[in-house]
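Visitor:
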Amino acid sequence: INMACIEIYGSSNFRHVLALSILSQKPVKILDIRSNNIEIGITEYETNLLQLIDKIMNGSTIQISSDGTSLFFKPGTLIGGTNHHKCSVHRSIGYYLEFVTWILVLLKNKLTLTLEGITNGPGDPSVDALKISTLNLMKKFGFSLETNINILKRGYAPLGGGACVLTVGPIFSLNPLNITDIGQFKNFRGISYRFY
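According to our numbering, the sequence shown is numbered sequentially starting from 46.
#1: Just verifying my parser: in three-state terms, what is the DSSP assignment at Tyr54?
#2: Quick one: grab the DSSP three-state call for Phe188.
#3: Buried or exposed for Ile46, going by 16 or more other Cβ atoms inside 10 Å?
#4: Candidates Ser171, Pro120 and Cys132: which alpha carbon is nearest Gly139's?
#5: Taking buried to mean at least 16 other C-beta atoms within 10 Å of its own C-beta, is His61 buried or exposed?
#6: If you drop the 5 nearest sequence neighbours on each side, which residues of the same chain put their C-beta closer than 6 Å to that of Gly121?
#7: Counting pairs of beta carbons, one from the region 154-166 and one from the region 119-133, are three or more of them closer than 8 Å?
#8: With three or more C-beta pairs closer than 8 Å as the rule, is the region 65-75 touching the region 49-56?
#9: Could you give the distance in angstroms between the alpha-carbon of Thr146 and the alpha-carbon of Thr179?
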């Protein structure tokens, strides 16, 4: 097996690079992470994402340079189990939850993941949006009908305090999708929220 390390420069698409590394099972080096910025290196919320990856994967290697401008990541196995993670309040839970959904095709056992933090915030998909759109698509791909995101409580910036639980079982084969015909719209549904 060729385990040559792929080198990527800069912090653009940080989550995508990690997800593709996991899906391809190839190690990656991310270099020059914000090396020209005033605040150089990996951010607190990116470090928090790496901590989440470390919790749900077995055998991963994560090495961050002392100045935070380079990262070596070697993916392990997505083991499942029951996990709890407190997300950074600099990003919404959706930032983390969306990433997890990208890599679930490699899941070996049932995963029950509790995430705490901001459920609805600017810049990231809300937990509601992921529940409505992503979960339905996952079920069409062949994930169990029991796949669910249960919102336990809402949390807003800057303090967070919200929580949700993702429950999903392993998938053994992916169903092909044909969504070229949108069909007819019968009704529209949505979710509105507000806070004081």
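Even glycine gets a Cβ: it sits at the ideal position worked out from N, Cα and C. All values reported here derive from a predicted model rather than from experimental measurement.
Guide: On the basis of the coordinates in this document:
#1: Position 9 of the sequence shown, counting from 1, holds the residue named residue 54. Tyr54 falls in the strand class under three-state DSSP.
#2: Counting from 1 along the sequence shown, the entry for residue 188 is found at position 143. Phe188 falls in the coil class under three-state DSSP.
#3: Counting from 1 along the sequence shown, the entry for residue 46 is found at position 1. Note that Ile46 scores 45 on pLDDT, short of 50, meaning its location in the model is unreliable and no value can be drawn from it.
#4: Within the sequence shown, residue 139 is the residue found at index 94, counting from 1. Looking at the Cα atoms, Ser171 is the closest of the given residues.
#5: Here residue 61 is taken as the residue at index 16 of the sequence shown, counted from 1. By the C-beta density criterion, His61 is exposed, having fewer than 16 other C-beta atoms within 10 angstroms.
#6: On the sequence shown, position 76 is the one that residue 121 refers to. The beta carbon of Gly121 sits closer than 6 Å to the beta carbons of Met102, Asn103, Gly104 and Ser105 from its chain, once the five residues preceding and following it are set aside; these are given in chain order.
#7: By the Cβ criterion, the region 154-166 is in contact with the region 119-133, since at least three pairs of Cβ atoms, one from each stretch, lie closer than 8 Å.
#8: The answer is yes - the region 65-75 touches the region 49-56, with three or more Cβ pairs under 8 Å.
#9: Here residue 146 is taken as the residue at index 101 of the sequence shown, counted from 1. Here residue 179 is taken as the residue at index 134 of the sequence shown, counted from 1. In this structure, the alpha-carbon of Thr146 lies about 8 Å from that of Thr179.
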